[in-house]
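Working notes for the structure below.
In this note's numbering, the protein residues as written are 6 to 115.
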């Protein structure tokens with residue numbers, strides 16, 4: 006998996022590509038948490054190129070959501086692929102986390 010993070014005015018836009026699973030979940034979580042600790046209280050995750058998401062990947066989003074909430078911010082995901090959306094629906098995360106159709110909507114909601 007590859008991850009890029011764009012930072013701007015208290016907003017971190019995280020773009021995930023490939024597979025988010027147990028082999029890279031801890032590293033992904035740590036890199037996003039560093040952004041939160043650096044003052045990026047609003048996090049937008051672009052999942053348009055995320056091909057696979059395991060339960061370890063779901064945990065990343067849960068931890069990040071709790072961290073940004075504690076910091077007074079928010080987490081919004083957008084452009085979920087079909088597989089990732091299915092994992093979110095089966096796990097119930099679709100009802101817990103904010104999911105938008107595209108980046109503009111996500112940035113407006115976070």
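C-beta: ideal position from N, C-alpha, C; glycine also.
Please report the straight-line C-alpha distance between residue i and residue j, rounded to a whole angstrom.
i	j	result
residue 7	residue 21	6 angstroms
residue 96	residue 73	21 angstroms
residue 60	residue 30	10 angstroms
residue 49	residue 81	5 angstroms
residue 68	residue 75	11 angstroms
residue 106	residue 63	19 angstroms
residue 99	residue 39	25 angstroms
residue 110	residue 13	16 angstroms
residue 27	residue 102	21 angstroms
residue 94	residue 51	18 angstroms
residue 25	residue 112	22 angstroms
For residue i, which of the options has the nearest alpha-carbon?
i	options	result
residue 17	107, 37, 26 and 32	37
residue 108	84, 43 and 99	84
residue 115	70, 99, 93 and 98	70
residue 19	25, 11 and 26	11
Residue i and residue j: beta carbons closer than 8 angstroms?
i	j	result
residue 77	residue 45	no
residue 65	residue 42	no
residue 79	residue 47	yes
Just list the residues that DSSP pairs residue i with in beta bridges.
i	result
residue 17	12 and 48
residue 81	49 and 103
residue 62	The partner list for residue 62 (beta bridge, DSSP) is empty, contrary to what the question assumes.
residue 22	7 and 54
Regarding residue i and the ligand FAD, is the C-beta to nearest heavy atom distance less than 7 angstroms?
i	result
residue 71	Because no ligand of any kind appears in the structure shown, any question about the ligand FAD cannot be addressed here.
Cβ contact check for the segment 46-66 and the segment 89-97: 3 or more pairs under 8 angstroms: Contact holds: three or more Cβ-Cβ distances are below 8 angstroms.
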